[in-house]
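The following block contains the structure:
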């Protein structure tokens, strides 16, 4: 029976490991630099819609910075130098084009997605800190959706090479990168399903088996069905499916539950990274980008739950603590 007393949760949230301490400092430092960049760029912007996006971004950035500053103070971590409050320039405002500014900010948003995903993956000690990253990632992806659509309307987003084999009756456009990501996701999920089905036959812990069964039925098979339909829709070749038949092993002691758990956890971490890369590079088809965003949301939520489960079972290796209590 899993035990999760409230007192234990509170005690755990007072601990922080070395990766979490670094991530808090590193992300705050990057957000300070982003705030500086926004202040500088506002001196050169002419497009009112771009200015509106930046002012909206500044408000969101201010809230996330305050949240991170509070965490650094709580854990006694010295923060980086703060961003400037005002940046004024006498330089000719025509020197930098709106298009260049908008594209630079797009690259910054893409890099911040990578930083938050790394922080989520490596933050396994403090659940509260990890949830901060989860919330900030979801807010950023939702903001980035509207920003990408704006860049496309303005004609400021370069168009990648389109996938040439879309059936003639399909009206949607799909670029080469999006076609690859759909195919790559499906092959990855086939391997995930094959591995999880095999592990299920070796597992002993009933709660672990239940988690795997839920993952197979509610996540892997559903996503596989959805991805197969998308590949068929766009005329992308579909790879071979894994077998449906698994023979129960004679000796189930060959694999330990904790080892299988960590292997699955690594696979989920990899899936989150895969979803993030696809989302970042998906700019032609808004519907497909939304699919990758929803996959990423689902993956990081499940990753969060699985980390908590592994800690309760004692199956997750404890990371070096930043400061012993």
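Residue numbers (my numbering): 10 to 334. Virtual Cβ for every residue (Gly too), placed ideally from N, Cα, C.
Between the C-alpha atoms of residue 147 and residue 306 there is a straight-line separation of about 7 angstroms.
Secondary structure of residue 171 (DSSP, three-state): strand.
Fewer than three beta-carbon pairs drawn from the segment 290-301 and the segment 216-228 are found closer than 8 angstroms, and the two stretches are therefore not classed as touching. Nearest Cα to residue 210 within the set 322, 248 and 256: 256. A contact between stretches requires three or more CB pairs, one per stretch, nearer than 8 angstroms, and the segment 78-86 meets this requirement with the segment 21-40. Looking at the backbone, the Cα of residue 26 and that of residue 250 are separated by about 41 angstroms. For the pair residue 113 and residue 55, the CB atoms are not nearer than the 7 angstroms cut-off. Three or more pairs of CB atoms, one per stretch, sit closer than 8 angstroms, so the segment 270-286 contacts the segment 312-331. Residue 56 carries a coil assignment under DSSP once its states are collapsed to helix, strand and coil. Taking all protein chains shown into account, residue 247 has fewer than 16 neighbouring C-beta atoms within 10 Å of its C-beta and is therefore exposed. Assigned with DSSP and collapsed to three states, residue 290 falls in helix. Within a 10 Å sphere around the beta-carbon of residue 194 sit 16 or more other beta-carbons, which makes this residue buried.
If you draw a straight line from the Cα of residue 124 to the Cα of residue 259, it comes to about 44 angstroms. Counted as a single uninterrupted DSSP element, the stretch harbouring residue 254 is not any alpha helix (DSSP H), since DSSP gives it neither H nor E. In the three-state scheme derived from DSSP, where H, G and I count as helix and E and B as strand, residue 184 is classed as strand.
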